[in-house]
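K.L.:
Here the protein sequences line up with chains B and U, keeping their order. Adding 28 to a residue's 1-based position in the first sequence gives its number in our numbering. Adding 30 to a residue's 1-based position in the second sequence gives its number in our numbering. By construction, the Cβ of each residue, glycine as well, lies at the ideal position given by its N, Cα and C atoms. Note that this is a predicted model, so its numbers are computed, not measured. Before I ask anything, let me first share the structure, which is written out below as structure tokens.
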Amino acid sequence: MKLLAFCFGLFAVVRAHDEEFREHLHLRHLDDGRVSALFSFTTLLKDTAPRSPLSIGEDDIPQHYTLFPLALGQVLREHAVTEVHLTLNAGKWDYTRWGYPEDPAVATGAELWAWMGESPSISIDERWKGLRNSLAGLFCASLGSLDEMRTTSPMYSFRPEGSLPLFNQTHKLRHALLPSEHVCTENLTPFVKLLPCKTSTGIASLLNPHRLFDADWHGMGVHVKWDPKTGISVQLNFQTVLDPVRHSSRGQRVDFSLKTLFDREIPKACPVAADSVIDVFMAEGEYNIVAPGPSIMEGELAKFIVPELPMPLDIAVRWPGEASNLFMNVLQYSNHAPASKQNSHPTNIEVLRTLTGATQSYGKLHVEVKNNLDSDVDVIYVETMPWLVQFYIHTLKLSVDGKERQDLLKHFSYKPSEAHGRPMLFEGVLTVPAKSTVRLTLDVLKSFLRYTEHQPDAQRGWDLPPAVFIPITNNNSSEGRILRRLYTPAVLVDLATPDFSMPYNVIIMSSTLIALIFGSVFNLLTRKFVALPVEGPSESEPSTGTK
Amino acid sequence: MPDTAGKSKEDEVAKQVPFQQDHIRRSILVSYWVVILLALPLWWTTTSISRLSLPEREVQAEASKQLTFSPRVLLDSSHRDEVASSLKDILRSWSLSDTFKLEFPSQKHSDEDYVVSFDRDTQSKRLDGRQLVFGTKDLASPQIDAQLTYLLSELIAGNFARRVDSTTVVQYSPRYRLSFSLLNEDASSQGYAAGWDVENALAKYLKPVLNRLSILHNFTIESQVQFHAPLAFAPEQVPGFDDVYGLTPEQLTVFVNSAEWTLSSGVTVDPVLHFVLFIPSASRRPLRILNFDGTISDSTAFVLPQWGSIYIYNPPTESSVFQLSADELRPAFSVFRSQLLKLLGVPSLPTGVSASYTGPGTTHVSDWQLDALLRKRAYENAHGSTEALTSIVNLVDQIEGMPVSRDVRDDVGESLHSLNKMFAVASESPRLALQYSSKALELASRAFFNPDMLALLYFPPEHKVAVYTPLLAPVGVVLVVAVLREVSALRRTKNNTSS
Chain B
29 MKLLAFCFGL FAVVRAHDEE FREHLHLRHL DDGRVSALFS FTTLLKDTAP
79 RSPLSIGEDD IPQHYTLFPL ALGQVLREHA VTEVHLTLNA GKWDYTRWGY
129 PEDPAVATGA ELWAWMGESP SISIDERWKG LRNSLAGLFC ASLGSLDEMR
179 TTSPMYSFRP EGSLPLFNQT HKLRHALLPS EHVCTENLTP FVKLLPCKTS
229 TGIASLLNPH RLFDADWHGM GVHVKWDPKT GISVQLNFQT VLDPVRHSSR
279 GQRVDFSLKT LFDREIPKAC PVAADSVIDV FMAEGEYNIV APGPSIMEGE
329 LAKFIVPELP MPLDIAVRWP GEASNLFMNV LQYSNHAPAS KQNSHPTNIE
379 VLRTLTGATQ SYGKLHVEVK NNLDSDVDVI YVETMPWLVQ FYIHTLKLSV
429 DGKERQDLLK HFSYKPSEAH GRPMLFEGVL TVPAKSTVRL TLDVLKSFLR
479 YTEHQPDAQR GWDLPPAVFI PITNNNSSEG RILRRLYTPA VLVDLATPDF
529 SMPYNVIIMS STLIALIFGS VFNLLTRKFV ALPVEGPSES EPSTGTK
Chain U
31 MPDTAGKSKE DEVAKQVPFQ QDHIRRSILV SYWVVILLAL PLWWTTTSIS
81 RLSLPEREVQ AEASKQLTFS PRVLLDSSHR DEVASSLKDI LRSWSLSDTF
131 KLEFPSQKHS DEDYVVSFDR DTQSKRLDGR QLVFGTKDLA SPQIDAQLTY
181 LLSELIAGNF ARRVDSTTVV QYSPRYRLSF SLLNEDASSQ GYAAGWDVEN
231 ALAKYLKPVL NRLSILHNFT IESQVQFHAP LAFAPEQVPG FDDVYGLTPE
281 QLTVFVNSAE WTLSSGVTVD PVLHFVLFIP SASRRPLRIL NFDGTISDST
331 AFVLPQWGSI YIYNPPTESS VFQLSADELR PAFSVFRSQL LKLLGVPSLP
381 TGVSASYTGP GTTHVSDWQL DALLRKRAYE NAHGSTEALT SIVNLVDQIE
431 GMPVSRDVRD DVGESLHSLN KMFAVASESP RLALQYSSKA LELASRAFFN
481 PDMLALLYFP PEHKVAVYTP LLAPVGVVLV VAVLREVSAL RRTKNNTSS
């Protein structure tokens, strides 16, 4: 109990840390007429370092927060997490039509990765378990299923986006993917509660669950990182791809406004936000941006400073020369798109990954990586796979245009899976030659599961986590340390599934057989044979009989 | 029966075949039964659940023990006998005569002894450490006796006698989380608190008390500010007062809007005490608490039993965005302090008694109060742990299929051990008694909530029998019928030979 006095002594000295809250909405018009919206809420805890893992087990210093979410802060302190990224997404991000997303974490389902320093008292795996359970409770998501059967520690990929403080301890990475977990309203409600203005004022008031979860793609993300110059930052993101044609009030047009997209307007600015900006990014074309106030134009980007505009705020984008017919205008739009747009590809690299094979024991994994650039590109290829599917690495074949090119895969590391245990991790650097497609094939073995290991919805099959491709760029200093990542869609695998009433049938069947065998053997052993003399032709009794 | 002679001859022939002989057949049958009977213990040991025996008798013995405190009071010999006998009467009327065995020695033994001294020059009654300075000015001897008896009974056993407090006081826990929240009902309207100097306010107003209570509890402290904390109802204007909004006693019970306010934390299982500084929206100021008759109450705060305390702060109307300094927080934190003491069960001083806090770190809670609280908590914990232990024993007795693992047995044993130690030291030191009782309670609850004890409740033996009936029934019937047949054959041959 002396610790208490110590704690008090400490916080009498420590000054209240400076906190800052920024909110940002980035709207981008996509080539197929859809609108990508990224809500980003950043809270900065200035001049604060993450908790040292060496102090785990001791009493923590009192936590005093103004804008920083207390519930999240407690989780981070409790497990001494330096950096954590949690994303919950639904749908498939279409790189070929929508390009790279603003927030690169677009894996289908749940993705959680964290950097933690080692502590002598509690192991990282124990804290990782505690962290995912705490986050599961905080965001009402089944992150508890991201257990040892899904957790890997990649070596090349998922490098920290912030900095790692020196605690005289090494930092370790834990990463897990759960494609079957989906995001819904019950995750958004606790997400919104972490914001200082909730949904009542500011940009967050546009977070209308009816529209967000109706979108073609939607996902939320929590990114916590540390920078020694600024402090700990928590970024709460909500990213969505909306179809304005569906929600258009005036005859199915690609025109959009905040009101038509989200069915809400901004009633008031958030009083505690240091920065509240709406960006609208438009491709070339004949459009008007209609807004109640002035905007700052920076090239193709229109910037609106929310507190300086009259309330309630609505921003609209219209194409005056557009026909009102839905099919006509989608066609027209894609036809009228500038020629340069049509030929170029939104991403440098395109990836296709499929699992083939009709049997329930063997299959084949096909991966195609296409390079759209005129120069060779190196990509880090990360494949994590639960032990449900096992790879035969010796069957790995790489080919370009039908010619075998095994030399394209370098520096690869492979950690095999353990049956009923840890997943497989496959990492390597793949060189994709200019303007060509690399085909990779690999034989896989589908595991046979124990009766109790099947999930409740067993006949549906298992969602396998997406593969991740990270293009290596040389000039990564200019864009910060957030590397672009490409996630392939999740793959569904059909494993041998038993009839679940089978054990009882087997018990009853074998019991009956044993009873029959037992009966006849027993009968033979204890039967009394009696010889009956046959005395005349009239006697027609059988010669033997039981007594 | 025709031709019996011929038949017996045939029998003779049949019996020459070795397996047709009666004794062979019978030994086959017997060996079947022997195998079954020998297999029974094996089956029993492999399918039975581990049920270690619990120390039932010791639990019962411990439960029947009476926790007795014997505080020693040093008293002037002229009042000693009179006060001692009337104190005994009061304790008996409170039915506490088994719990308290007061002693009145003439010599001071230890620092734990209470001392009553008289002061002829004053009327006031003052506590100083474990000393009660009793002002006897203008008082006759019988009056002194009566007042002294009343004061001593209140100071020593008052919190045992009044059960009303028990609804407010939180259950004992070695660690509490104190959560301080500054809630703005609506920051988008004009005038809201952008922050508060909670660290200095805590250091100034609460730190001394928390240090004082640190022998009972550890405290973890956290604070947050919220800018949109709407109420679940709309307070209405008080009739007769323009621009004054009121909270009726019924509305106070639903004041906490747990759906919108994120107050609770999910990282620990320690009980949380909430202290909320609520700033009403600018359109509903001032917000006042109403009495049952609808008049405006003077109080600005209320306590929610076993949950925490809420203080309603109406900022001066002209202010827009403001920071609350430690000095401005003084009234709120004084209320929080007194309500924290109330929630933790610190007894209040009897009327007419003041305490002077001369010792280091003795502010707000006198030694008398602290001792009374220690005794009360030790008593409650002892009661709680014996209750938990007897429940475990009863439950295990009642439910045949409940496994008792080594963990449970060890926890029960250690809890009993701690209880024993507590009973040994209770009369000497309430402080040690509390430590042991808290350990006993922790172990007893851990044993009671041990997840292993639920294991086999969901897989009863009837279930197994039902599943294996297709095997057991046909085999059993054959074996039993064979035995019956042999027995009847034996009896028949016996009858034949005797007749």
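Is there a Cβ of chain U sitting closer than 8 angstroms to that of S276/B, yes or no?
P.N.:
No, no contact with chain U.
K.L.:
Alpha carbon to alpha carbon, what distance is there between R315/U and T98/U?
P.N.:
Taking the straight line from one Cα to the other gives about 54 angstroms.
K.L.:
Is the beta carbon of L270/B closer than 8 angstroms to that of A77/B?
P.N.:
No.
K.L.:
Quick one: which unbroken beta strand (DSSP E) runs of 3-plus residues sit fully inside the region 134–166 of chain U? Chain order, please.
P.N.:
Qualifying beta strand (DSSP E) stretches, in chain order: 144–149, 155–158, 161–165.
K.L.:
Distance, Cα to Cα, Q483/B vs F528/B?
P.N.:
Approximately 11 angstroms between the Cα atoms of the pair.
K.L.:
Could you say which of Y180/U, V113/U, T420/U lies nearest to D94/U if we only look at CA atoms?
P.N.:
Sequence check: residue 94/U is Ser here, not Asp. That would be T420/U, whose Cα lies nearest to the Cα of S94/U.
K.L.:
Could you check where the alpha helix (DSSP H) with E184/U kicks off and where it finishes?
P.N.:
Note, E184/U: alpha helix (DSSP H), 171–191.
K.L.:
Considering Cα atoms alone, identify which of A412/U, V513/U, S253/U, Q281/U is closest to L100/B.
P.N.:
With distances taken between Cα atoms, L100/B lies closest to S253/U.
K.L.:
How about D300/U and S203/U: do their beta carbons lie closer than 8 angstroms?
P.N.:
Contact flag set, yes.
K.L.:
Can you give me the start and stop residues for the beta strand (DSSP E) that F332/B sits inside?
P.N.:
Counting along the chain, the beta strand (DSSP E) containing F332/B begins and ends at 329–333.
K.L.:
Take G414/U and list the residues in its own chain whose beta-carbon comes closer than 6 angstroms to its own, dropping the five residues that flank it on each side.
P.N.:
Same-chain partners within the cutoff: L471.
K.L.:
Quick one: grab the DSSP three-state call for S506/B.
P.N.:
Confidence is the limiting factor: at S506/B the pLDDT is only 40, short of 50, which leaves the residue's position unreliable and the question unanswerable from this model.
K.L.:
Quick one: does H304/U have its CB under 8 angstroms from some CB of chain B?
P.N.:
Output row for H304/U: interface = no.
K.L.:
Which bits of chain C does A142/B rub up against, with CB to CB less than 9 angstroms?
P.N.:
Considering every chain present, this structure includes no chain C. Its protein chains are B and U.
K.L.:
Are the C-beta atoms of F257/U and some chain B residue less than 8 angstroms apart?
P.N.:
By this cut-off, F257/U is an interface position.
K.L.:
Between Y466/U and the rest of its own chain, which residues show a CB-CB distance below 6 angstroms, the 5 nearest in sequence each way excluded?
P.N.:
Cβ neighbours of Y466/U beyond the five flanking positions: S448, K451, M452.
K.L.:
CB-CB under 8 angstroms to P338/B, same chain, minus the five flanking residues each way: which ones, in chain order?
P.N.:
Cβ neighbours of P338/B beyond the five flanking positions: P320, G321.
K.L.:
Output yes or no for whether 8 angstroms exceeds the beta carbon distance between V308/B and L55/B.
P.N.:
Yes; because the gap between Cβ atoms is below 8 angstroms, this pair is in contact.
K.L.:
With 7 angstroms as the C-beta to C-beta threshold (strictly closer), list the residues of the region 160–178 of chain B near chain U in chain order.
P.N.:
The region 160–178 of chain B vs chain U, Cβ under 7 angstroms: S162, G165, L166.
K.L.:
Under 9 angstroms between beta-carbons, which chain U residues line up against I535/B? List them in chain order, please.
P.N.:
Simply V497, Y498, P500, L501.
K.L.:
Just the Cα atoms here: how many angstroms apart are E516/U and R56/U?
P.N.:
When rounded, the distance between both Cα atoms is 8 angstroms.
K.L.:
Between the region 58–79 of chain U and chain B, which residues of the former have a C-beta closer than 7 angstroms to a C-beta of the latter?
P.N.:
Correct list: I58, L59.
K.L.:
Alpha carbon to alpha carbon, how far is E378/B from R125/B? Give it in angstroms, no decimals.
P.N.:
The straight-line gap from Cα to Cα measures roughly 11 angstroms.
K.L.:
Using a beta-carbon distance cut-off of less than 8 angstroms, what residues from the region 78–94 of chain B approach chain U?
P.N.:
Listed by position, the residues of the region 78–94 of chain B near chain U (Cβ gap below 8 angstroms) are D87, D88, P90, Q91, H92, Y93, T94.
K.L.:
Mind checking A412/U: buried by the 16 CB within 10 Å criterion, or exposed?
P.N.:
By the 10 Å Cβ count, A412/U comes out buried.
K.L.:
Would you say E48/B faces chain U, with C-beta separation under 8 angstroms as the test?
P.N.:
No, its Cβ sits nowhere closer than 8 angstroms to a Cβ of chain U.
K.L.:
What did DSSP end up calling F219/B once you bin it into helix, strand or coil?
P.N.:
Looking at F219/B - three-state DSSP - the assignment turns out to be helix.
K.L.:
Could you check how far apart the C-beta atoms of V262/B and P272/B are, in whole angstroms? I think they sit under 8 angstroms.
P.N.:
V262/B to P272/B, Cβ: 31 angstroms. No contact.
K.L.:
Strictly under 8 angstroms for the Cβ-Cβ distance: is E106/B near chain U by that measure?
P.N.:
Interface residue, yes.
K.L.:
Looking at L341/B and E411/B, is the spacing between their C-beta atoms short of 8 angstroms?
P.N.:
It is not a contact, given that the beta carbons lie outside the stated cut-off.
K.L.:
Using a C-beta cutoff of 8 angstroms, does I251/U count as contacting chain B?
P.N.:
Closer than 8 angstroms to some Cβ of chain B, the Cβ of I251/U qualifies, so yes.
K.L.:
Is V507/U buried or exposed, if buried means 16 or more other CB atoms sit within 10 Å of its CB?
P.N.:
That one is exposed.
K.L.:
Indicate the three-state DSSP secondary structure (helix, strand or coil) for R207/U in the structure shown.
P.N.:
Reduced to three states, the DSSP call for R207/U is strand.
K.L.:
One question on the structure: do L235/B and F266/B come within less than 8 angstroms of each other, judged by their Cβ atoms?
P.N.:
Yes.
K.L.:
For N189/U, which residues of its own chain have a beta-carbon under 6 angstroms away from its beta-carbon, when the five flanking residues on both sides are left out?
P.N.:
Hits under 6 angstroms: P377, A402, K406.
K.L.:
Which ranges does the alpha helix (DSSP H) cover as unbroken runs of at least 4 residues, wholly within the region 140–220 of chain B, from first to last along the chain?
P.N.:
You should have 152–167.
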